[in-house]
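Engineer:
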Amino acid sequence: MYAQMVKSEGMKSRDEMSAEEQAFQDRIDRGEKIEPKEWMPEGYRKTLIRQIGQHAHSEIVGQLPEGNWITRAPTLERKAILLAKVQDEAGHGLYLYSACETLGVTRDELMELLHAGKMKYSSIFNYPTLTWADMGAVGWLVDGAAIMNQVPLQRTSYGPYSRAMIRICKEESFHQRQGYAIMMKMASGTPAQKKMAQDALNRLWYPSLMMFGPSDKDSVHSAQSMSWKIKMNSNDELRQKFVDQTVPQAEYLGLTVPDPALKWNEDKGGYDFSEPDWSEFYDVLAGNGPCNKDRLGARVKAWEDGAWFRDGLVAHARKAAARRTPAAAE
Ligand code: BYC
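Numbering (my numbering), first residue to last: 1040 to 1369.
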């Protein structure tokens, strides 16, 4: 049903694996969790750092498009809900940075890589949020796509990652519902509000489909990541599930998915739909999306503005250690 997956670079067949690597793969295949101090292939460790780090950065950068609307939320209630959601994202970032640190990388190193543009965050956050309806569409579509991706990751093979995902997914469900609730209000409001809701769906539909990554035939990491159960499903499988779940939700809202080729396919039991423009996707990844420079600039500024606070924490920790054991201060 899905396009053939490409073989990941450096991926070994069973015969090419050392005895240690074979035993490790057997543990994964039995569904055992791998814990931080246990032996793991270097590629497994690096892949996890890349994926968990990218995910952590996505949560933190993902606060920016929504933070943009906190001061302009239409009611006190909406403002309180949006604030809670954005704070949850900070929390998700922190669990994920902690999970990543168990793999031998420090949070400072991860930040440096993000700020230098050497580590990615989700492409979706390089698009602007132009109207209040975008807060609805982000919750509905972006958190909806995140849940589709992350629910299976609760069963991922690395213990700290899978445990972080359990809590994150509970909170993501609230995020998705609050977005859909905004869309319901807008879509059943005045003609101008409904138009705003449709416009948000038009702009965010394809960027949301891109969140699942390139199609399977171009996904360089999927085969290896799936054999290590770092990823549980292929990009195309999850994208299809997302479309199948979201189209009836759009119909319920009375909105139109901006894809003339969208059509229910009885044989496959899912929708046929148009692929996103992959050249746009790669362009955004290369740093040329509408908001890449703003997003990264805002994170670098926040990091630099917070230097006095981090310095204060380190100075306090040194003093506290010196009070406990004077030798530690030297
Ligand atoms: N954006 O071989 P592939 C959220 C990169 S949002 C940017 O398929 P992989 C939130 C990929 O990194 C969700 N880059 O890769 C929601 C690779 O480049 P590198 C964040 C992307 O890793 C609301 C290259 O393209 N969730 O949480 O097997 C508010 C080839 O791709 C994207 C996660 O990160 C993209 N969309 O699969 C706030 C979930 N897609 O690294 C926050 C965990 C692909 O070789 N991550 N690339 O330079 C994953 O599940 C996987 O990493 C992906 C990509 C499905 C994203």
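Ideal Cβ positions, reconstructed from N, Cα and C, are used throughout, including at glycine.
(1) Hey, residue 1101 and residue 1140 are a contact pair by Cβ (cut 8 Å); roughly how many whole angstroms apart?
(2) Run through DSSP, which three-state label would residue 1307 get?
(3) Across the stretch 1177-1190 and the stretch 1061-1080, are there enough close Cβ pairs to call them in contact, namely three or more that are closer than 8 Å?
(4) Using a Cβ-Cβ cutoff of less than 8 Å, which residues in the same chain neighbour residue 1320 once the five nearest sequence positions on both sides are dropped?
(5) How many whole angstroms separate the CB atoms of residue 1008 and residue 1072, which I take to be in contact at a CB cut-off of 8 Å?
(6) When you compare each of 1134, 1363 and 1327 to residue 1205 by their alpha carbons, which one comes out closest?
(7) Under the rule that 16 or more other beta-carbon atoms within 10 Å means buried, what is residue 1331, buried or exposed?
(8) Going by alpha carbons, who is nearest to residue 1048 out of 1337, 1264 and 1315?
(9) So is residue 1200 buried or exposed if we call it buried at 16+ other beta carbons inside 10 Å?
(10) For the ligand BYC, list every residue whose C-beta falls under 6 Å from any of its heavy atoms, going in chain order.
(11) Compare the Cα-Cα distances from residue 1089 to each of 1114, 1150 and 1063 and report the closest residue.
(12) Provide the residue span of the alpha helix (DSSP H) that contains residue 1200, from first to last.
(13) Rounded to the nearest angstrom, what separates residue 1354 and residue 1148 at their Cα positions?
(14) Taking only runs of the alpha helix (DSSP H) that begin and end inside the stretch 1045-1102, which ones reach a length of at least 4 residues, in chain order?
(15) From the DSSP output, read off the bridge partner residues of residue 1302.
(16) For residue 1222, count the other beta carbons within 10 Å of its own beta carbon; 16 or more makes it buried, fewer makes it exposed. Which is it?
(17) Quick one, are the C-beta atoms of residue 1235 and residue 1170 less than 7 Å apart?
(18) What separation, rounded to the nearest whole angstrom, lies between the Cα atoms of residue 1084 and residue 1068?
(19) Which value, in whole angstroms, describes the spacing of the CA atoms of residue 1259 and residue 1345?
(20) Applying the criterion that 16 or more other CB atoms from any shown protein chain within 10 Å of the CB defines a buried residue, is residue 1304 buried or exposed?
(21) Rounded C-beta distance between residue 1153 and residue 1338? I'm assuming under 8 Å.
(22) Is residue 1160 helix, strand or coil by DSSP?
(23) Taking only three categories from DSSP, how would you classify residue 1258?
(24) Identify which residue in 1174, 1297 and 1274 has its Cα closest to the Cα of residue 1382.
(25) Do you know offhand how far residue 1109's Cα is from residue 1291's?
(26) Taking the alpha helix (DSSP H) that residue 1120 falls in, what are its first and last residues?
(27) Taking the alpha carbon of residue 1145 as the point to measure from, which residue in 1095, 1123, 1082 and 1318 has its own alpha carbon closest?
(28) What's the C-alpha gap between residue 1233 and residue 1224?
(29) Taking the beta carbon of residue 1327 as the centre, do at least 16 other beta carbons fall within 10 Å, making it buried, or is it exposed?
(30) Determine whether the Cβ of residue 1358 lies closer than 7 Å to any Cβ atom of chain B.
Structural biologist: Quick answer:
(1) Their Cβ separation, rounded to whole angstroms, is 20 Å, which puts residue 1101 and residue 1140 out of contact at 8 Å.
(2) Reduced to three states, the DSSP call for residue 1307 is coil.
(3) These segments do not touch.
(4) So the qualifying residues of the chain are 1162, 1249 and 1253.
(5) The structure shown does not extend to residue 1008, since the chain is modelled only from 1040 through 1369, so no value can be given for it.
(6) Relative to residue 1205, the option among 1134, 1363 and 1327 whose CA is nearest is 1134.
(7) Buried, because 16 or more other Cβ atoms sit within 10 Å of the Cβ of residue 1331.
(8) It is 1264.
(9) Residue 1200 comes out buried.
(10) Cβ-based neighbours of the ligand BYC within the cut-off: 1089, 1090, 1093, 1094, 1097, 1098, 1101, 1128, 1159, 1161, 1162, 1181, 1182, 1185, 1188, 1249, 1250, 1251, 1252, 1253, 1258, 1259, 1260, 1261, 1264, 1270, 1274 and 1324.
(11) Of the candidates 1114, 1150 and 1063, the one whose C-alpha sits nearest the C-alpha of residue 1089 is 1150.
(12) Bounds of the alpha helix (DSSP H) holding residue 1200 are 1198-1226.
(13) Each residue's Cα considered, the two are about 20 Å apart.
(14) Listed in chain order, the complete alpha helix (DSSP H) runs (minimum 4 residues) inside the stretch 1045-1102 are 1058-1068 and 1081-1100.
(15) Residue 1302 is bridged to 1311.
(16) Its Cβ being crowded by 16 or more others within 10 Å, residue 1222 is buried.
(17) Against a cut-off of 7 Å, the Cβ pair of residue 1170 and residue 1235 comes out as a contact.
(18) One C-alpha to the other measures close to 17 Å.
(19) Between residue 1259 and residue 1345, the C-alpha separation is close to 37 Å.
(20) Its Cβ having fewer than 16 others within 10 Å, residue 1304 is exposed.
(21) Correct: roughly 7 Å between the Cβ atoms.
(22) Look at residue 1160 here: in three-state DSSP terms it is coil, with no helix or strand label.
(23) For residue 1258, the secondary structure class from DSSP, reduced to helix, strand or coil, is coil.
(24) This structure cannot speak to residue 1382, because the chain is shown only from 1040 to 1369.
(25) So the two alpha carbons sit approximately 27 Å from each other.
(26) Counting along the chain, the alpha helix (DSSP H) containing residue 1120 begins and ends at 1115-1140.
(27) With distances taken between Cα atoms, residue 1145 lies closest to 1095.
(28) Their Cα atoms are separated by approximately 9 Å.
(29) Exposed, because fewer than 16 other Cβ atoms sit within 10 Å of the Cβ of residue 1327.
(30) Going by chain labels, chain B is absent from the structure shown, which holds only one protein chain.
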